[in-house]
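Scroll down for the structure; my scribbles are underneath it.
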Amino acid sequence: MNLNLITPQKSEIAFKSFTFPDGQPHLQLEALPADTKHVHILTRLSTMNDVFLCLAAKNALDYAGVEAVDVTISYLMAARMDRVMTEGEPFSLKIVADMLNAGQFRKVHIFDPHSDVATALVHRSVAISNVTLVKMAMKTFLNLTNNDGYYLVSPDSGALKKVYKIAASIGAERVAECIKFRDVKTGQLSGFKTFEEDFGQRPCFIIDDICDGGGTFAGLAALLKSRNAGKVILIVSHGIFSRGFDIAGIDGIFSTNSFKEFTETPSSLRIFPVESVL
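Okay, so the sequence shown: first residue is 198 according to this note's numbering, each after it adds one.
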């Protein structure tokens, strides 16, 4: 059976959740069959409240006698803090991983985590690739008759391995590697570089895990179009969009509701239900 904490109306196990006046999240399962042996939880961990609610659900299932509980995490908070960058900062991903490990899930599935550090820290975890999202986005945007009509673009060296795996999976023949330069202490971007001289007016699909403010992608779009790129399309698994949906130079965006729900979006943005890409 499934316990869907993202979309309660789709949950096979009914539950109610609320927050006590002191701020504590709470969850109560309803009508769980007595012979239930296996439950799969679907959750997003965008806030510490989400983390607590997920662990509360696991604890409630333990007390109900459920023998095996798996969890699929659509968004893993702190995944970008996968090491201590500067003195005085915490190792935030390890904190979240330790909390999940305390839940003792049988299996943990994480949708497109930022790096391999997440699956190294979270016990019994595996990453879910973003390849299904990429295929859906490209099918929506293109009706290609061959593999010579577009580029897959890696925004930085960290994403390059993932992008090459996607290229192999979909039969893409053109991959462009980009490099971004950032001040580690301030986080400010100082420039971008690519080894491609001329994109020949082909569409360029930038593929990455997270879009937060969008500054990286605006800089990349400017670089790509200065090298004769056609449409620049952004495909990101986790859309935060903290500065809005309008990113300079980006002609279209494909993402999911892995991080949050979206009520109103522009025509240039397509949001797929995260369940459809897991």
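Here a beta-carbon is modelled for each residue, glycine too, at the ideal position from N, C-alpha and C.
These numbers were taken from a predicted model, which means no experiment stands behind them.
Sub-9 Å separation of residue i and residue j beta-carbons
i	j	result
V433	T329	no
A324	F402	no
L297	R277	no
I404	V331	yes
F442	N454	no
L349	R371	yes
C408	S351	no
I363	I307	no
A261	L229	yes
A275	Q225	no
A373	L421	yes
K207	E472	yes
Residue i, buried or exposed, once every other Cβ within 10 Å from all chains shown has been counted against 16
i	result
V281	exposed
G449	buried
Y347	buried
L400	Per the sequence shown, residue 400 should be read as Pro rather than Leu. Result: buried.
N425	exposed
H223	exposed
A294	buried
G410	exposed
T204	exposed
G283	Going by the sequence as given, residue 283 is Thr instead of Gly. Classification for T283: exposed.
D279	buried
K359	buried
N344	In this prediction, N344 scores a pLDDT of 47, lower than 50, which makes its location untrustworthy; no coordinate-derived value is stated.
I367	exposed
A299	exposed
As assigned by DSSP and simplified to three states, the class of residue i
i	result
F212	strand
G441	coil
N327	coil
F302	coil
G346	coil
L479	Because the chain spans 198 through 475 in this model, residue 479 falls outside it and cannot be assessed.
E472	helix
A426	coil
L431	strand
G262	coil
P205	helix
L242	strand
K377	strand
I363	helix
S351	strand
L252	helix
Beta-carbon contacts of residue i that lie in its chain and below 7 Å, excluding the five residues immediately before and after
i	result
F456	R241, S243, Y272, H435, G436 and I437
L202	I238, L239, T240, L250, C251 and A254
G388	F378
L357	S351 and E374
Contacting residues, own chain, Cβ-Cβ under 6 Å from residue i (five flanking each side not counted)
i	result
D476	The chain is shown from 198 up to 475; residue 476 falls before or after that span and cannot be answered.
K390	I376
A445	A415
S312	D279
L431	I403, F414, I447 and I450
Check: residue i C-beta below 8 Å from any heavy atom of the ligand HEM
i	result
H306	This structure does not include the ligand HEM; it has no bound ligands of any sort.
Sequence-distant residues of the same chain with beta carbon closer than 8 Å to residue i, five excluded per side
i	result
R467	A334, T337, G449, I450, F451 and S452
P287	M278 and V281
Three or more C-beta pairs below 8 Å linking the region 409-422 and the region 232-245 | no
Should the region 214-234 be regarded as contacting the region 248-260, the criterion being three or more beta carbon pairs within less than 8 Å?
-> yes
Do three or more CB pairs link the region 387-400 to the region 291-304 at distances below 8 Å?
-> no
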